[in-house]
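Take 1 as the starting number for the sequence shown in the numbering used here and just add one per residue.
Accompanying notes for the structure given below.
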Amino acid sequence: MAANGMKVALHRQVSGGSMKHNSELRRQASLESPRTGRATSRFLFGRQSSMDPNRRRGRSQSPVGSGTAAEDLSVPDNLDATMQLLFFACQGDALGVEGLLRSGVDVNSINLDGRTALHIAACEGHRDVVRILLSWKANIDARDRWGSTAVADAKFYGHSKVYDLLKIHGAKIPRTKRTPMMVSVPGEIPEYELNPGEVQFRRGCDVTPGMYHIAKWNGTKVSVKILDRDGCSDQEAANSFRHELTVLEKVRHPNVVQFVGAVTQSIPMMIVSELHEEKDLSVCIQKKGKLNAHKVLRYGLDIARGMTYLHQCKPDPIIHCDLKPKHIFLDSGGQLKIAGFGVTRVSKIRPDKVRLINHGALVDSFSYHTAPELYRNDAFDSSVDAYSFGFILYEMVEGSVRTPEDSGHTIRLVEECWHPQAMARPTFSEIIIRLDKIYNNCDRQGSWKESLKLWCVSSRSSKRIIKCRSVKSRIHTEP
C-alpha cells in the first residue's frame, strides 16, 4: 500500500461527488512538499510498470486483487492531487480525470516511480481516459524509472485498442538495451534481480568496468562489479560475468563473501555482494608484520573452513585458483571471508581433473601463491588451492612473536601444501583437523628452527620457471 494513509477499505463514490475538494487542488509536481501534508508516494494500485522487476516477480500487489471489490473503491481524502489523478486513471473514471485537469493539476505529474496518469491508464486498458489525457497534451513518450512508456505498458498487458490509439498519436516502443542474459519471458527473471535504480555510486566516482567498487544499495554499503556496454558486447567478458554470477549465487557460508544480488536485464550489468571495509588479509599482514599464534591458527581455520565448503559444492567443486591474502577479507567481527572465486572458468577433462579455459587472460594475475601446474596450464584439481593456502599460512606465521611449542607441525603442514606433486598435498578437510589439534595445544610455547623449502613461481615472457629457495626461520619465545 502507498504510504501516508492510503486506505485499503475504500467506499465507491460518483465522479461529481469525488470532486468536492476541487477548489483545494492546485497544479503540482509529484514531489510535493511534505509541509502540505500530502506528499506523493508510490502508486501501488492496479497493474505496475511492465519493466518493474518487482512486479514481474509478483511482489507488487494491487489492493483490488487482494479481495476488495472494485465497486467498493473510492478516492481516499488524504491523497494529493497527483495521486488522485493516478487513482482516477487506474479506475477508468474519465470524468474524475478531466475534472482534476480542469482544476489545474498537471497532466504530466509523476509519482516517485516516474509514472504518469497515461502510464496507469494504459496499463489498465482505459481507452477513454487515455483519449482525454492525450487531448490535454500528455507526454506520450514519458518514461518511468524503469524506462517503460505508456505504449510499452499497453502492449505488455495486451490492451490492443489503447496500443493502437497511442500509436496513431505517434507513440514509439522504446528500444530495449538487450543484455547477454536478457530473458524473453518476464516470469523467467531470476529472483536475485535487483532494481538498478536502487544501486547508487558515489557522485564523481570513476567506475571502472570489471572491477569491484563501493556503492549503496537501499542505504547499505555494498561491493559492485560493473559490466558496461562494451563488456556486454565482448563474448569472453560476458561469459566470465555469467560464470562468476552463477558461482556466487549458489554459495552460502560464514567464511565466504555473501552474494546480495545482480542486475542482468539492463545495461550496465552488475554483481552486488557484501562489503567489508575493514581490510583484507594482505593489509593486515603488512600493517602488523607479526601475527600471534592464536590469530594465525584462527585465521587459518577460517580459510580452511571456507575452502572446504567451496570444494565440497555439488555437482562440481568450486576451485578458487587465485587464493591469496588480497582475496581474503576481515569483517567487523574479526572473521575471515573468502572472495575472488568464480573468476576462473574450467573445463572437465577427466572425472577428477580440470583445465583452465581462460588461462591466457589470467596468467598475468598469477602470483607466487599460484600452484606450478596452473602456470604450466596442466590439468589440475582442488589441491592447487591447498598450495596457495600453504603460502598464506607461512606469511601469517613467518614472523610470529609467540608461537606454540609444536610449531614444527605447522611448518610440516606448510611444506606438505607446497609439495610439487598435487596428490601429496592435504585436502582442506585434513587441514582443518590438523589446525584444530595445533590450536588446542596453542597455550604451550617454545622455539623452533626449521628449514623451509619455499616454492616461488615467476613468469618471464613465455617462459615459466619454478625456483626453489630455502628460507630459515628461527623464532625465540620466552618460557
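Just so you know, even glycine gets a beta-carbon here, dropped at the ideal spot from N, CA and C.
None of these values were measured; they are calculated from a predicted model.
Among all the DSSP beta bridges, which residues are the ones paired with residue i?
{"i": "L227", "result": "M269"}
{"i": "W217", "result": "V199, T220"}
{"i": "Y212", "result": "K225"}
{"i": "R143", "result": "Paired residue(s): none; R143 is not in a bridge."}
{"i": "F329", "result": "D280, K337"}
{"i": "K288", "result": "In the DSSP output, where bridge partners are listed per residue, K288 has none listed."}
{"i": "R355", "result": "S347"}
{"i": "F380", "result": "V354"}
{"i": "V414", "result": "According to DSSP, which records beta bridges pairwise, V414 is partnered with nothing at all."}
{"i": "V256", "result": "I338"}
Using only CA atoms, which one of the options lies nearest to residue i?
{"i": "L336", "options": "F380, I392, V414", "result": "I392"}
{"i": "G197", "options": "M211, N218, P209, E191", "result": "N218"}
{"i": "H369", "options": "S282, I267, I438, E191", "result": "S282"}
{"i": "L101", "options": "Q84, Q91, T246", "result": "Q84"}
{"i": "L133", "options": "D316, L86, L194", "result": "L86"}
{"i": "S383", "options": "P254, Q235, A304", "result": "A304"}
{"i": "K216", "options": "R425, K288, S429, S273", "result": "S273"}
{"i": "F259", "options": "E416, I338, L165", "result": "I338"}
{"i": "L194", "options": "G261, V354, L95", "result": "G261"}
{"i": "I214", "options": "R127, H276, H311, A94", "result": "H276"}
{"i": "I189", "options": "S367, M51, I432", "result": "M51"}
{"i": "T246", "options": "P254, G231, T264", "result": "T264"}
{"i": "G300", "options": "F428, V151, L227, L165", "result": "F428"}
{"i": "T208", "options": "R229, K221, I349", "result": "R229"}
{"i": "R350", "options": "D381, L166, A386", "result": "D381"}
{"i": "R434", "options": "L413, P420, P254, K279", "result": "L413"}
{"i": "V397", "options": "D436, I285, E416, M423", "result": "I285"}
{"i": "S49", "options": "S347, A138, A154, V130", "result": "A154"}
{"i": "M423", "options": "R376, A371, Q200", "result": "A371"}
{"i": "G96", "options": "G114, F329, V130, D322", "result": "V130"}
{"i": "Y375", "options": "G340, F329, D322", "result": "D322"}
{"i": "K250", "options": "S332, E191, M181", "result": "E191"}
{"i": "G170", "options": "V105, M182, M181, A152", "result": "A152"}
{"i": "C90", "options": "K279, H126, H320, K221", "result": "H126"}
{"i": "H419", "options": "D234, D436, A386", "result": "A386"}
{"i": "R268", "options": "S233, G114, D436", "result": "Residue identity differs from the one stated: residue 268 is Pro in this sequence, not Arg. Cα-wise, what sits closest to P268 is S233."}
{"i": "G289", "options": "Y394, N377, Q312", "result": "Y394"}
{"i": "V199", "options": "T149, A379, A81, V222", "result": "V222"}
According to DSSP, is residue i helix, strand or coil?
{"i": "I168", "result": "helix"}
{"i": "F241", "result": "helix"}
{"i": "I132", "result": "helix"}
{"i": "L435", "result": "helix"}
{"i": "D280", "result": "strand"}
{"i": "R102", "result": "helix"}
{"i": "R191", "result": "What sits at residue 191 in the sequence shown is Glu, not Arg. Note: E191 maps to coil in three-state DSSP."}
{"i": "S367", "result": "coil"}
{"i": "R115", "result": "coil"}
{"i": "D443", "result": "Any reading at D443 must be qualified, since the residue scores a pLDDT of 49, below 50, and its modelled position is unreliable; the value itself is stated next. Looking at D443 - three-state DSSP - the assignment turns out to be coil, as it is neither helix nor strand."}
{"i": "S347", "result": "strand"}
{"i": "H360", "result": "Note that residue 360 is Gly in the sequence shown, not His. The answer is helix: DSSP assigns G360 an H, G or I state."}
{"i": "G390", "result": "helix"}
{"i": "G261", "result": "strand"}
{"i": "E124", "result": "helix"}
{"i": "V207", "result": "coil"}
{"i": "E274", "result": "strand"}
{"i": "V107", "result": "coil"}
{"i": "R425", "result": "coil"}
{"i": "V499", "result": "No answer is possible for residue 499: it lies beyond the span of the chain, which begins at 1 and ends at 479."}
{"i": "K295", "result": "helix"}
{"i": "S50", "result": "coil"}
{"i": "A527", "result": "Within the shown structure, residues of the chain are numbered from 1 to 479, placing residue 527 beyond reach of any answer."}
{"i": "S233", "result": "helix"}
What's the call for residue i, buried or exposed, on a 16-neighbour Cβ count within 10 Å?
{"i": "K314", "result": "exposed"}
{"i": "T179", "result": "buried"}
{"i": "K482", "result": "There is no way to answer for residue 482, as the model of the chain reaches only from 1 to 479."}
{"i": "E236", "result": "exposed"}
{"i": "R469", "result": "A caution first: R469 carries a pLDDT of 33, below 50, which makes its placement in the model unreliable, though a value can still be read off. Exposed, by the Cβ-count rule."}
{"i": "R202", "result": "exposed"}
{"i": "D316", "result": "exposed"}
{"i": "G92", "result": "buried"}
{"i": "I431", "result": "buried"}
{"i": "I319", "result": "buried"}
{"i": "M211", "result": "exposed"}
{"i": "R252", "result": "exposed"}
{"i": "D352", "result": "exposed"}
{"i": "R334", "result": "The sequence given here places Gly at residue 334; Arg does not occur at that position. So G334 ends up on the exposed side."}
{"i": "K324", "result": "buried"}
Quiz item: Any chance the segment 136-150 sits against the segment 103-119, with 3 or more Cβ pairs inside 8 Å?
Solution: Short answer: they touch.
Quiz item: Does the count of Cβ pairs from the segment 339-359 and the segment 233-241 closer than 8 Å reach three?
Solution: Yes, they touch.
Quiz item: Below 8 Å, can you find three or more Cβ-Cβ pairs linking the segment 295-303 to the segment 262-272?
Solution: Counting Cβ pairs under 8 Å, fewer than three are found: no touch.
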